[in-house]
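> Before I ask anything, let me first share the structure, which is written out below as structure tokens.
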Amino acid sequence: MEIPYVVTPRKDTGLINSKIAIWLFLASEVMLFGGFFSAYVFLRVDADYPWPERALPVIPGLVNTFVLIASSVTVVFAWASLKLRKWRHFQAYMLFTLLCAATFMVLKGIEYNVKFHHQALRMADGAIIEGHLGYELKEGADKHHPKEEDYKTDHKGHKIEENRIYVEATSVTFNTVRFHKDWVEEIIAEAKEHNSKVSLAADLKAVTKPGGKEETLFPAGTELSVEVLNKIADHHLESRENNSNLRTDDLRAAWKAAKKENPGKRGWEIADKVAVDSSHFADQLMTEVPSVSFKVDPPAKLEFLPRDVKEGPTQSRLRDETVIDGKLLESPMVFHYVDALDFRYLAQKAMEPGRNLDPMKEIEKSWLINHNAEIKAAWEWHKGEIAKLEAELKKESREPTFTERYRIEWKDFVAKAEGKTREDRDKVVLAKEQILGPDYDAREEIHAFPSHVEIPREEVAFASKFAPAWNTYYAIYFTMTGLHGLHVIGGALVLAYYLFFGKKMYLSNPEWLANRVEIGGLFWHFVDLVWIFLFPLLYLM
Amino acid sequence: MADSPEAIKKSIRTYLLVMGALFVGTVVTYLVATLPALDFGGHGFDAADCVIGLLIATVKATLVAAIFMHLNHEKKSIYWIFFGSFIFVAALGGLLALAYVSPIHDKFFPQGKPAHYGDKE
């Protein structure tokens, strides 16, 4: 089939059809990204926490800006080469464009990866601590320099991040329709590891047939398994259906009788005379088993991920409504390294109208400073350096920023350990650290970062990796850069198609291919254009 | 349109110049945001830095749109299609901004602080 007006312009529009199409598409893209940009503005204006200004590593963003600009230029050159009928040049320019796209995505991948492995924690008092969690160690292992064989492993052989909720379980009660199979298996495996038996606390008796007698479905002592739970669930659902049918039929009969007794009356007038009478069908009812309890004997230490459990001192509840009875054990979050302390949120809360407290005093009351000598020492060093900065800036009648005053970053920790001042902190950064984040191994030798910091569970207000859940800044950052990244991939695929499958069209109709590359190029420029705004908004402001 | 081979050859120079300008613009944005000596407004990030950063970004975007995307000599219908979408973006922003000038008056809302402050204390 011949597609009209892809080489010669239409008379009425004066344009080739595909050009109008791509501009219509780009107009829709403007509205899509416009929506996200306004979301960014309103999230930022209304944020009730200090917006993380200039929080991202700038160098990868800067390099990516150069990469995208360069690729924008080469895509134009590729188009111009086709117009001048230079196939080899076109190939070279297009290949360079694709390499740029790949570089962009690799850098983005590194950036995302660093975020997803970086832990943040907001304390109950508002202080924020950032770093990397440790993994649980065997008894007697060196906490500061663990070897590979020193790590404990779970029943699956994985290292255990020091961020678990531990419960000394005495009994486990499952919701028979909602239980999550994997978690049941996990509980069985963990109990087995502790030589503990999970079995039915009492005989599970039930009427299994309408009109039947109560019989024992499972005797006391039946061991927990997914099959047992599935059988109970099947029975429960069957009973529920039977019983609800009985109720519905009885209600229907009651309505019928009431209408007969009160001819001409409207439904709402006789509604109070209609009710289900369970005595009519009591002998037909089956026993519903909405939940079933298993005892854990002897009590076993079960572990859960914080996101799966709502813990309580004597009873905890999983997301699938499984109830775990038993004492909550010490479940601290342990930072192997701390690479930043952020008191901005605490300070902002202290200075809120109505409270008007001195933020410095409030910070010094914080749990972190009072429970960890290394953190206290870092704070004292920081205070001294900020006093110097304040004196320096005063000469120009300026003052330190909120971030400078209340945030201690990894560069500060390193400067302190190397005996330098805060002023020199940008000089302590190694080249690769600009992109990959702090090099912990190199810093370990000088004990730069507070290590092995234990945070008791009751002091944790909220914890997350630097993922969208951490705050609205990261939510909009991942949304916008993720959407932009998808555009880069899509655009690169289209351009790659022209490069690798364009030769035949070039030989038969080079002008058509040139027009296609122009259209693909327009999309590519738009992707660049979006990044031109994303870079300053997310990285520099 | 710059479609003839001669015109294309001529515009290659323009493309290179624009690339240079874009690189310079990026570097300037970066320096303004990071160098203490180029810190406009108060110390640290503030309204002046925001305006400068977005101004440079707008100039860069205009260059890309005008030269690379050939909007400087495009048919009128394309202008209507593309710039028309900005009206909708502005309308969206405007509607959201209305939430600030006219808070919701609901007699069942607690009086005093607007509800969106969400204070727990």
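Listed in order, the protein sequences are those of chains Y and X.
So for the first sequence, this note's numbering puts the first residue at 18; every next one is plus one.
So for the second sequence, this note's numbering puts the first residue at 365; every next one is plus one.
Glycine included, every Cβ here is placed at the ideal spot set by N, Cα and C.
Bear in mind that the values here come from a model prediction, so they are computed numbers and not experimental data.
1. Below 7 Å on C-beta distance, what does Ala-97/Y contact in chain X?
2. Going by DSSP, what residue range makes up the alpha helix (DSSP H) through Asn-389/Y?
3. If we require 4 or more residues per run, which alpha helix (DSSP H) segments fall completely within the stretch 420 to 447 of chain Y?
4. What runs of the beta strand (DSSP E), each 3 residues or longer, lie entirely inside the stretch 211 to 255 of chain Y?
5. At which residues does the beta strand (DSSP E) containing Ser-308/Y begin and terminate?
6. Report back the beta-carbon spacing between Ala-394/Y and Glu-379/Y to the nearest angstrom; my notes put them in contact at under 8 Å.
7. Beta carbons nearer than 7 Å to chain Y: which residues of the stretch 442 to 468 of chain X have them?
8. Assuming the contact rule is C-beta atoms closer than 8 Å, Asp-342/Y and Thr-187/Y should be a hit. Round their C-beta distance to whole Å, please.
9. Does the contact criterion of 3 or more C-beta pairs under 8 Å hold for the stretch 114 to 126 of chain Y versus the stretch 502 to 521 of chain Y?
10. Let me know if Ser-89/Y comes out buried or exposed under the rule of 16 or more other beta-carbons within 10 Å of its beta-carbon.
11. Am I right that Met-303/Y and Val-245/Y are in contact with their C-beta atoms under 8 Å? What's the rounded C-beta distance?
12. Measuring only the C-alpha atoms, how far is Ile-420/X from Gly-151/Y?
13. Would you identify the three-state DSSP class for Asp-359/Y, choosing helix, strand or coil?
14. Between which two residues does the alpha helix (DSSP H) harbouring Val-291/Y extend?
15. Please classify Val-281/Y: does DSSP put it in a helix, a strand, or coil?
16. I think Gly-502/Y touches Met-122/Y, with their Cβ atoms under 8 Å apart; what is that distance to the nearest whole Å?
17. Please go through the same chain and pick out, in chain order, the residues whose beta-carbon is closer than 8 Å to the beta-carbon of Trp-529/Y, but skip the five residues on each side of it.
18. Check the Cβ-Cβ distances between Leu-605/Y and every residue of chain X, and say whether any is below 8 Å.
19. Output, in chain order, the set of chain Y residues within a Cβ distance shorter than 7 Å of Phe-432/X.
20. In the stretch 58 to 71 of chain Y, which residues sit with their C-beta less than 9 Å from some C-beta in chain X, listed in chain order?
21. Contact check, Ala-218/Y vs Lys-312/Y under 8 Å by CB: the rounded distance?
22. Check whether the Cβ atoms of Thr-489/Y and Leu-60/Y lie closer than 8 Å to each other.
23. Any C-beta of chain Y sitting closer than 8 Å to the C-beta of Gly-482/X?
24. Do we get a CB-CB distance below 8 Å when we pair Phe-316/X with the residues of chain Y?
25. From this set, Ala-513/Y, Trp-541/Y and Gly-499/Y, which residue's C-alpha is nearest Gly-126/Y's C-alpha?
26. Hey, could you find the ends of the beta strand (DSSP E) Arg-139/Y is sitting in?
27. In chain order, what residues of the same chain lie with their CB nearer than 6 Å to the CB of Asp-359/Y, ignoring the 5 residues before and after it?
28. With a threshold of 8 Å between beta-carbons, can Leu-381/X be considered close to chain Y, or not?
29. I'd like to know whether the C-beta of Leu-399/X is nearer than 8 Å to at least one C-beta of chain Y.
30. Specify whether the stretch 468 to 486 of chain Y and the stretch 348 to 357 of chain Y touch according to this definition: at least 3 beta carbon pairs, one from each stretch, less than 8 Å apart.
31. Using a cut-off of 7 Å between C-beta atoms, extract the partners of Leu-395/X located in chain Y.
32. Which of the three DSSP states is assigned to Tyr-183/Y in this structure?
33. Does Glu-416/Y get closer than 8 Å to chain X when you measure Cβ to Cβ?
34. Does Ile-549/Y get closer than 8 Å to chain X when you measure Cβ to Cβ?
35. Would you mind telling me which residues of chain X sit closer than 7 Å to Met-111/Y, beta carbon to beta carbon, in chain order?
36. Going by DSSP in three states, Tyr-354/Y sits in which element: helix, strand or coil?
By the coordinates alone:
1. If you number the first sequence from 1, residue 97/Y lands on position 80. Neighbours of Ala-97/Y on chain X, chain order: Ile-372 and Ile-376.
2. Along the first sequence, one-based indexing puts residue 389/Y at 372. No residue range can be given for Asn-389/Y, since it is assigned to no alpha helix (DSSP H) and is classified by DSSP as neither H nor E.
3. 427 to 434
4. 214 to 217, 221 to 224 and 231 to 235
5. What you label residue 308/Y is simply residue 291 of the first sequence in a count that begins at 1. Residues 308 to 321.
6. Residue numbering aside, residue 394/Y sits at position 377 when the first sequence is read from its first letter. Residue numbering aside, residue 379/Y sits at position 362 when the first sequence is read from its first letter. 19 Å between Cβ atoms; not a contact.
7. Ile-442, Ile-445, Phe-446, Gly-448, Ser-449, Phe-450, Phe-452, Val-453, Leu-456, Gly-457 and Leu-460
8. For the purposes of this step, residue 342/Y is taken as residue 325 along the first sequence, with counting starting at 1. For the purposes of this step, residue 187/Y is taken as residue 170 along the first sequence, with counting starting at 1. Correct: roughly 5 Å between the Cβ atoms.
9. yes
10. The residue you call residue 89/Y lines up with position 72 of the first sequence. Per the 10 Å Cβ criterion, buried.
11. The sequence position of residue 303/Y within the first sequence is 286, counting from 1. The sequence position of residue 245/Y within the first sequence is 228, counting from 1. For Met-303/Y against Val-245/Y, the beta-carbon gap comes to about 19 Å, at or over 8 Å, which does not count as contact.
12. Locating residue 420/X in the second sequence gives position 56, where the first residue counts as 1. Locating residue 151/Y in the first sequence gives position 134, where the first residue counts as 1. The straight-line gap from Cα to Cα measures roughly 44 Å.
13. The residue given as residue 359/Y occupies position 342 in the first sequence. Looking at Asp-359/Y - three-state DSSP - the assignment turns out to be strand.
14. Here residue 291/Y corresponds to residue number 274 of the first sequence, with the count starting at 1. Premise fails: Val-291/Y is in no alpha helix (DSSP H) and is neither H nor E.
15. Start at 1 with the first residue of the first sequence, and residue 281/Y comes out as number 264. It is worth fixing the name first, because residue 281/Y is Gly in this sequence and not Val. Gly-281/Y falls in the coil class under three-state DSSP.
16. On the first sequence, position 485 is the one that residue 502/Y refers to. On the first sequence, position 105 is the one that residue 122/Y refers to. Sure, about 7 Å apart at Cβ, within 8 Å.
17. As a first step, residue 529/Y is located in the first sequence; it is residue number 512 there, counting from the start. Val-23, Val-24 and Met-522.
18. Outside the shown range of chain Y (18 to 558) lies residue 605/Y, about which nothing can therefore be said.
19. On the second sequence, position 68 is the one that residue 432/X refers to. Simply Ser-89, Val-93 and His-542.
20. Val-58, Phe-59, Val-62, Asp-63, Asp-65, Glu-70 and Arg-71
21. Here residue 218/Y is taken as the residue at index 201 of the first sequence, counted from 1. Here residue 312/Y is taken as the residue at index 295 of the first sequence, counted from 1. That belief holds up - the Cβ atoms of Ala-218/Y and Lys-312/Y are roughly 4 Å apart, short of 8 Å.
22. Taking the first sequence and counting its residues from 1, one reaches residue 489/Y at position 472. Taking the first sequence and counting its residues from 1, one reaches residue 60/Y at position 43. Yes; because the gap between Cβ atoms is below 8 Å, this pair is in contact.
23. Taking the first residue of the second sequence as position 1, residue 482/X is located at position 118. A caution first: Gly-482/X carries a pLDDT of 47, below 50, which makes its placement in the model unreliable, though a value can still be read off. True, the Cβ-Cβ gap to chain Y drops below 8 Å.
24. The structure shown does not extend to residue 316/X, since chain X spans only 365 to 485, so no value can be given for it.
25. Walking along the first sequence from the start, residue 126/Y turns up at place 109. Shortest Cα-Cα distance from Gly-126/Y to any of Ala-513/Y, Trp-541/Y and Gly-499/Y involves Gly-499/Y.
26. For the purposes of this step, residue 139/Y is identified with residue 122 of the first sequence, where counting begins at 1. From DSSP, the beta strand (DSSP E) with Arg-139/Y extends over 136 to 140.
27. On the first sequence, residue 359/Y is found 342 positions in, with the first residue counted as 1. Correct list, in chain order: Ile-145 and Arg-424.
28. Counting from one through the second sequence, the residue named residue 381/X turns up at place 17. No, Leu-381/X does not count as interfacial toward chain Y.
29. Counted from its first residue, the second sequence places residue 399/X at position 35. Not flagged as an interface residue toward chain Y: Leu-399/X, since no C-beta distance is shorter than 8 Å.
30. yes
31. By one-based count along the second sequence, residue 395/X stands at place 31. Within chain Y, no residue comes near Leu-395/X; the closest Cβ sits about 10 Å away, beyond 7 Å.
32. The residue labelled residue 183/Y in the question sits at position 166 within the first sequence. In this structure, Tyr-183/Y counts as strand in the three-state DSSP scheme.
33. Translated into positions along the first sequence, residue 416/Y becomes position 399. Interface residue, yes.
34. Against the first sequence, residue 549/Y aligns to sequence position 532. Answer yes: the Cβ-Cβ gap between Ile-549/Y and chain X drops below 8 Å somewhere.
35. Translated into the one-based positions of the first sequence, residue 111/Y becomes position 94. Ordered by position in chain X, no residue passes the 7 Å Cβ test against Met-111/Y, which lies about 15 Å from the chain.
36. The count along the first sequence starts at 1 and reaches residue 354/Y at position 337. Looking at Tyr-354/Y - three-state DSSP - the assignment turns out to be strand.
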